[in-house]
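Colleague: Count the sequence shown with mature numbering (1 follows the signal peptide of the UniProt record, and there is no 0) and you get residues -21 to -1, 1 to 296, in order.
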Amino acid sequence: MMRSLTLIIAIASGLCSFVSAASSPPSGSITVGKGGKYATLAEALADTSSNIYFIYSGTYTGQTSISRANIKIYGQTSNSLEYSSNTVTFADNIPASTAGSDAKSATIRVLATGVRSRSLYNLNIVNTYGKPVEQSQAIALSVEEGQFGAYACQLKGYQDTLLAETGSQFYGKTYIEGAVDFIFGQHASIWITKSTINSVGSGAITASGRSSNDSNYYVIDNSTIQGTGTVYLGRPWSDYARVIFQNSKIGSEVQAAGWEVWSATTSNTDHVFFGEYNNSGAGAWKTGRATFATKMSTGISISTVLGSTSWIDSSYM
């Protein structure tokens, strides 16, 4: 009995420490915002005296590029495991047509090189440009290199919300919102788990631009797919698109076909792999699924997609 009591006390103590670290700056961290050392994250990132940054509650406007490797950025929150408790928002409203490219329109752009990881915790990252015109690419988060983790974050946009371009990327307990191709990219392997994917208009959720038979996957695992409009799980930006939805709850907004071609004149379906495994809900696999979709007999593992997971925070897996 005494041993069990000791274990319970130890676990409770650890949980208290975890919550405290989310609501106040970790020891040795560089602080941003009201009461912090720097007014903006961009200013703080120029200070390399620590690899840990803490952002106080507030809304921060403008764009920020992250070029440092092996850093962690924490947003102030009352519950680090729930994106709904986030109190830190980074927002901008620049479209790709103005910025010069998709990546350059990102509210937060991760450019760090090398294999060392970058981690974001409890941040809301938003591009508010919306849909004023037909082509409205406007990125909230662009990740273009290395190992990257987003933990209990919220990513919001309309078209092209998340550019998962390069590297190994993990999104755990995160909220991703958009309407058209709002999880897209060309050369990354990404694993999204225990997350909410919310469509706010008609369109495809994913647009994989995988253009050769490489080792990369887009996998949405153990997540909730919801929203409004006429929604498809994905469409192939390039002919080798490879996307899997597994162990997830898929809402009725997802059409019977499940997947769509890139366009009426360019299908891009000759070499695609659009897989589904063990999903539930009104939008899960049914009669009428696209002929280029695959009903899988077994799921895929995170190690197959990302390799070693030692760099991922296991609290969000």
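Just so you know, even glycine gets a beta-carbon here, dropped at the ideal spot from N, CA and C.
So, do the segment 281 to 291 and the segment 252 to 268 have three or more beta carbon pairs nearer to each other than 8 Å?
Modeller: no
Colleague: I need the straight-line Cα distance from residue 294 to residue 148, nearest angstrom please.
Modeller: 16 Å
Colleague: CA-CA distance, residue -15 and residue 43?
Modeller: Bear in mind that a pLDDT of 39 at residue -15, under 50, signals an unreliable position, so the number given afterwards is only what the model happens to contain. Distance between the alpha carbons of residue -15 and residue 43 is about 43 Å.
Colleague: When the Cα atoms are used, what is the spatial distance from residue 181 to residue 91?
Modeller: 34 Å
Colleague: Below 8 Å, can you find three or more Cβ-Cβ pairs linking the segment 210 to 224 to the segment 183 to 202?
Modeller: yes
Colleague: By a C-beta neighbour count over all protein chains shown, 10 Å radius and 16 as the cutoff for buried, is residue 81 buried or exposed?
Modeller: Buried is the call here.
Colleague: Distance check for residue 135 and residue 198, CA to CA, integer angstroms please.
Modeller: About 19 Å.
Colleague: For residue 77, I'd like the list of residues in its chain whose CB is within less than 6 Å of its CB, leaving aside the five on either flank, ordered along the chain.
Modeller: none
Colleague: Please return the same chain residues whose Cβ sits closer than 7 Å to the Cβ of residue 281, not counting the five positions on each side in sequence.
Modeller: 170 and 288
Colleague: So, under 8 Å CB-CB, residue 9 and residue 28 are touching, yes? Tell me the CB distance rounded to an integer number of Å.
Modeller: 7 Å
Colleague: Kindly provide the ranges of any beta strand (DSSP E) runs that are 3 or more residues long and lie completely inside the segment 58 to 135, ordered along the chain.
Modeller: List check, beta strand (DSSP E) in window: 67 to 71, 87 to 89, 96 to 100, 103 to 106, 120 to 122, 126 to 130 and 133 to 135.
Colleague: Quick one: grab the DSSP three-state call for residue 220.
Modeller: In the structure shown, residue 220 sits in coil (DSSP, three-state: anything other than H, G, I, E or B).
Colleague: Let me know the secondary structure DSSP gives residue 150 once reduced to three states.
Modeller: It is a strand residue.
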